[in-house]
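Visitor: Numbering (full-length UniProt numbering), first residue to last: 1 to 374.
Heads up, the beta-carbon is just placed ideally off N, CA and C, and yes, glycines get one too.
First the structure, which I've put down as structure tokens, then a few questions once you've had a look.
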Amino acid sequence: MTLLTCTVRLRDCHGRNGSKKSLRNSTTLRNSHQPWLQPPGKKSFIPFQANCSKPLYNTKLNQPFKNIVYHKCRHSSLIPYSNPPHPSPSTPPSDPPNPRSPHPTPSPLQPPATSLPEPPLWLFRLTACLLLTGQVIIKVLRGRIHWRNTAEQIRATGPGTLGVAALTAAFVGMVFTIQFVREFAKLGLTRAVGGVLALALARELTPVVLAVVTAGRVGSSFAAELGTMQVSEQMDSLRVLRSDPVDYLVTPRALACALAGPALNVMCFTAGIGASVVMAKWVYGIPPMVILDSVRKALTPYDVIVSMTKSLVFGIIIAMISCSWGFTTSGGARGVGAATTSAVVCSLVVVFAADLVLSFVFFQGRGDALRQLK
1 MTLLTCTVRL RDCHGRNGSK KSLRNSTTLR NSHQPWLQPP GKKSFIPFQA
51 NCSKPLYNTK LNQPFKNIVY HKCRHSSLIP YSNPPHPSPS TPPSDPPNPR
101 SPHPTPSPLQ PPATSLPEPP LWLFRLTACL LLTGQVIIKV LRGRIHWRNT
151 AEQIRATGPG TLGVAALTAA FVGMVFTIQF VREFAKLGLT RAVGGVLALA
201 LARELTPVVL AVVTAGRVGS SFAAELGTMQ VSEQMDSLRV LRSDPVDYLV
251 TPRALACALA GPALNVMCFT AGIGASVVMA KWVYGIPPMV ILDSVRKALT
301 PYDVIVSMTK SLVFGIIIAM ISCSWGFTTS GGARGVGAAT TSAVVCSLVV
351 VFAADLVLSF VFFQGRGDAL RQLK
């Protein structure tokens, strides 16, 4: 059907002329299934033309036209008008709909179907993250764990992150040693430097620094890998092979981050304390035994357990956010890059928020650790 543009008077099926109407399509409507609407001795079509400035379903038509347009459109034939004065160059021609087709072509005279608004992307991904976390918990409790993939992910997460995380913790320990020793020496509290450093590293610095390194190295890798698999339809291939992507891809990564986090925490804490001892001896001449004795008096097993618990929680958060962002990736290579960046940023924000909550829960009311150093 060719869509045209013009304005003439409307003539109904009884031959009466109507006022000018603004219609969408310039066509001739031939009614082949309502002979009772055809005037005797007239042709079996109802000609009309229109200006396409307004849709047809918003105009005021008389009852015969309403019956045709609203109720019998699928049983009517549309043919182009014979003498169009102003053809529309932008609209391509289309074939008339076949009334016998099992899937008839929707008529342009029908009003467009209303669609529900799509939810924002952040809400969609947050919901996917919560649902994915619930699925992983259920599968772990039921013992549906792919141990081979879990071992491979632990090997990639643990040793691959240890070097960068330990080096970062060592630099952080040396920087804080410079700041603390300079200030504590003025107050005559040099023997308390080791205890303060140990508490700062165990309670806050080591878990947070390890989480930042894990999000930048491991989380980005998870999001990019799963996002690439999603846009290349490899996830659908796994489902066709009757393999659950959550069992095969997500659960091993979540377990790897949860198990590797506490072990990396202890190693990074050791690297930070060792670097602090070296810096205190090399720059300020403080004997190593003074620092280590202060650490022994101030640090308790409770602090170490809480520090490892924080690393475990942070590892799970990073793994679940990165995997869910990868599962909801779309848009090709550009979408993979955007999802990877968004996964790292969101992981860090949630980690800092979780650190605030955990610190308030575990350390509220505990302020007597430095009394042992007097």
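1. Can you tell me whether DSSP reads H86 as helix, strand or coil?
2. Leaving aside the five residues before and after S307 along the sequence, list all residues of the same chain whose C-beta is less than 8 angstroms from its C-beta, in chain order.
3. Can you tell me whether K297 is buried or exposed? The criterion is at least 16 other CB atoms within 10 Å of its CB, across all chains shown.
4. Would you identify the three-state DSSP class for I138, choosing helix, strand or coil?
5. May I have a chain-ordered list of the alpha helix (DSSP H) segments no shorter than 4 residues that lie completely inside the region 266-298?
6. Relative to the C-alpha of L312, which residue among L210, G188, L123 and A185 is closest?
7. What does a CB cutoff of less than 8 angstroms around F171 pick up in its chain, not counting 5 residues either side in sequence?
8. Considering Cα atoms alone, identify which of G315, F360 and F352 is closest to F222.
9. Helix, strand or coil: how does DSSP classify D244 here?
10. What is the rounded straight-line gap between the Cα of I241 and the Cα of Y248?
11. Going by the CB atoms, is the gap between S347 and A256 shorter than 8 angstroms?
12. Identify whether E233 lies in helix, strand or coil by the three-state DSSP scheme.
13. Whose C-beta lies closer than 6 angstroms to the C-beta of V283 among residues of the same chain, with five residues either side of it excluded?
14. Just tell me which of F363, R366, T328 and D293 has its CA closest to the CA of R125.
15. Exposed or buried, which one is I291 when buried takes at least 16 other CB atoms within 10 Å?
16. Which residue comes first and which comes last in the alpha helix (DSSP H) that contains S359?
17. Less than 8 angstroms between the CB atoms is what I'm expecting for L132 and S324, so what's the real figure, rounded?
18. Quick one: grab the DSSP three-state call for I317.
19. Put R148 into one of helix, strand or coil per three-state DSSP.
20. Hey, L162 and M267 are a contact pair by Cβ (cut 8 angstroms); roughly how many whole angstroms apart?
21. G335 and V250 - do their beta-carbons sit closer together than 8 angstroms?
22. When the distance is taken between beta carbons, is F176 closer than 8 angstroms to A200?
23. Does L123 pass the burial test, meaning 16 or more other C-beta atoms within 10 Å, or should it be called exposed?
24. Provide the residue span of the alpha helix (DSSP H) that contains G194, from first to last.
25. Using C-beta distances below 8 angstroms, list every residue in its chain close to I178, excluding the 5 sequence neighbours before and after it, in chain order.
26. Mind checking whether G326 and E225 have CB atoms under 8 angstroms apart?
27. Would the beta-carbon of G160 fall within 8 angstroms of that of T340?
28. So is I286 buried or exposed if we call it buried at 16+ other beta carbons inside 10 Å?
29. Nearest to L144 by CA position, among G173, V246 and I154, is which residue?
Guide: According to the structure data:
1. Any reading at H86 needs caution, since the residue's pLDDT is 46, under 50, leaving its predicted position unreliable; the model's value is listed next. Three-state DSSP puts H86 in coil, outside helix and strand.
2. A202, R203, T206, P207, N265 and F269
3. buried
4. helix
5. 288-298
6. L210
7. A275
8. G315
9. coil
10. The residue you asked about is not Ile; residue 241 is Leu in the sequence shown. Each residue's alpha carbon lies about 12 angstroms from the other.
11. no
12. coil
13. none
14. T328
15. buried
16. G332 to F363
17. 5 angstroms
18. helix
19. helix
20. 6 angstroms
21. no
22. yes
23. exposed
24. V193 to A200
25. M279 and V283
26. yes
27. no
28. buried
29. Checking the displayed sequence, the identity of residue 144 turns out to be Arg instead of Leu. Comparing Cα positions, the closest option is V246.
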